[in-house]
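Only one structure is covered here, and it is reproduced in the block below.
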Amino acid sequence: MASSCLVTGGAGFIGCALSQHLSLRFDRVVILDSLHPQIHASRARPIGLDAKCELIEGNVTDAAVWERVLDGFTPDVVIHLAAETGTGQSLSEATRHAHTNVVGTTVMLDAFLRRNAVPKRIVLTSSRATYGEGAWISPSGSLFYPGQRSVQQLSEAKWDFDGKPAAMDARQVKPAPVSVYGATKLAQENILSSWANSVGCEYVVLRLQNVFGPGQSLINSYTGIVSLFCQLARRKESIPLYEDGLVQRDFILIDDIASAIMQAVKKDGVSGEVFDIGSGVATTLIELGNAIAEIYSAPSPHVVGKFRFGDVRHAFSDSSHAHTKLDWQPQFSLQAGLLELIKWIEAQL
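Just so you know, we're using the numbering used here here: the sequence shown kicks off at 28 and counts up by one.
So, in C-alpha cells, the structure goes:
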C-alpha cells in the first residue's frame, strides 16, 4: 500500500535534513512551507530539499492553502515543524509567534477534519523552551521551580538561583515557560494532545534542545548561537559571551535530530509520549566559544555581561526515555558536530 507524509515548515533547516530519509520511507512526501525571507533570502526551493519531495508554498495559518494541500491527499504521517522560533524575538513579536505556532496548528487540525483527512500519526517538534528555567535542586536536595529571573535579578548580575539545575526530563520536570515562544510551543503540545485523543490520531512530541549543523541559516540571527559563533571566529573576531559565560546549553547535531524524528515516525507503541531530545551533555558558552575559537585560531572569547529577557540560565536534557522507548541515541559529539558545521560553512562562504 502506498504511504504518504506531509511536513509543515519542511523547507527549513530540519525539514531539509529529514527530506532524504522521508523520500526513502514514503511513496509521496509533500512539503508545506511559507519560504519566509528571514530564513529563505531568495524564496527559492532549497538546494538541500530532496528532489522527490513536492513543495507547496503557503502559510499554515491560511485555510485556503490547506484546501489546496489536502485536495485528494490524506497523509498517513504529519511532521509538524512549522513555527516561529526566536526566543528573544517572540517578546517583541508575540502576535506573529502566537499566530503561526498556535493558530497555525489549529487551522491545520481543522482542515484535517473538514477534509476527512485525519492522519494516522502526527509528530510535533516542540522545544526545551517549554520548561523555562526548569527545575532546580536546592542545597538540601529537594526539587523546586524558581520561575522566571526578574529584571532586577538580571540587572544586578545575579545569574544563578540557589542550588543547581536539574536535567530537563518530561517524566519528572513540569513545563513552566518564561518566553512567549516557549508558551506557544507548550500550547501546541496541549492543543495536539487534546485533539488527537478526541479523534483517534496517534501523536508524539519531541522537545528539542539546541540544534545546530550543516544547513542552518546563516542569515537568520535567531536560529542559534553555534553558527553565529562560527562566523565571528571565522572573521578572527573574539566571540562575545552573555551573562558570565557560564550559561549551559545542550547542543545536538542536526543528523541526530533527523534520526530521532524518524524514530518517532515509525516506532510502534509510543503514541502520547513526550521525549526529550538532546545530547545530554551540559556545555557552557565559554566552553563552546573556546572550542570554536581554537578551530579557527581566533582570539579567545570575552564576557560582556549582557543578557536577554526570555533566555534561561541553564538547559540540558535527560534523554534516557528516548533511549529506552524510542530506541534512539545521539551519535555525534559536540566536537564532531562543530567540524561538520564548519566544513559546511566554508563551502557556503
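The C-beta atom is built at its ideal place from N, Cα and C for all residues, glycine as well.
Please report the straight-line C-alpha distance between proline 204 and arginine 340, rounded to a whole angstrom. 13 Å
Let me check understanding here. Comparing Cα to Cα, which of Gly37, Asp103, Leu45 and Val301 lies closest to aspartate 196? Val301
Report the rounded CA-to-CA distance for valine 2 versus proline 173, giving the unit in angstroms. Coverage of the chain is limited to positions 28 through 376, which leaves residue 2 absent and any answer about it impossible.
For the candidate residues Arg72, Arg148, Gly364 and Ala138, whose alpha-carbon lies nearest to that of valine 297? Arg148
Within the chosen definition, does the segment 74-84 reach the segment 53-63 through at least 3 CB pairs nearer than 8 Å? yes
Whether valine 238 touches isoleucine 41 by CB criterion (8 Å): yes
If I follow the unbroken beta strand (DSSP E) through serine 254, where does it start and stop? Careful: serine 254 lies outside any beta strand (DSSP E), inside the alpha helix (DSSP H) at 252-261.
Would you call the CB atoms of asparagine 3 and glutamate 111 closer than 8 Å? The chain is shown from 28 up to 376; residue 3 falls before or after that span and cannot be answered.
Would you check if the distance between the CB atom of phenylalanine 328 and the CB atom of glycine 251 is smaller than 8 Å? Note that residue 328 is proline in the sequence shown here, rather than phenylalanine. No, the pair does not count as a contact, with Cβ atoms beyond the cut-off.
Could you tell me the distance, in whole angstroms, from the CA atom of serine 50 to the CA atom of alanine 144? 21 Å
Under the three-state reduction of DSSP, which class applies to glutamine 243: helix, strand or coil? coil
Using DSSP's beta-bridge definition, name the partner residues of arginine 335. None, per the DSSP bridge assignment.
If you run the structure through DSSP and keep just helix, strand and coil, what is tryptophan 93? helix
Taking just the CA atoms, how far does glycine 307 sit from alanine 363? 15 Å
According to DSSP, residues forming a beta bridge with tryptophan 385: The chain is shown from 28 up to 376; residue 385 falls before or after that span and cannot be answered.
For phenylalanine 139, report the span of its beta strand (DSSP E) as first-last. Taken as a continuous stretch (DSSP letters only), phenylalanine 139 belongs to no beta strand (DSSP E), being part of the alpha helix (DSSP H) at 131-141.
Any beta-carbon of chain B closer than 8 Å to the one on glycine 113? Among the chains of the structure shown, chain B does not appear; only one protein chain is present.
Locate the alpha helix (DSSP H) running through arginine 55, then write down its first and last residues. That residue, arginine 55, is in no alpha helix (DSSP H); its beta strand (DSSP E) goes 55-60.
Distance CB(serine 69)-CB(phenylalanine 53) smaller than 8 Å: no
In whole angstroms, what separates the C-alpha of aspartate 14 from that of valine 150? It is not possible to answer for residue 14, since the shown part of the chain is limited to 28 through 376.
In this structure, does DSSP put tyrosine 323 in helix, strand or coil? helix
For valine 231 and arginine 72, I'd like the C-alpha separation in whole angstroms. 28 Å
Please name the residue, chosen from Asn247, Ser177, Ala44 and Ile322, that lies closest to aspartate 338 on a Cα-to-Cα basis. Ser177
Is the number of C-beta pairs between the segment 288-296 and the segment 351-368 that are closer than 8 Å three or more? yes
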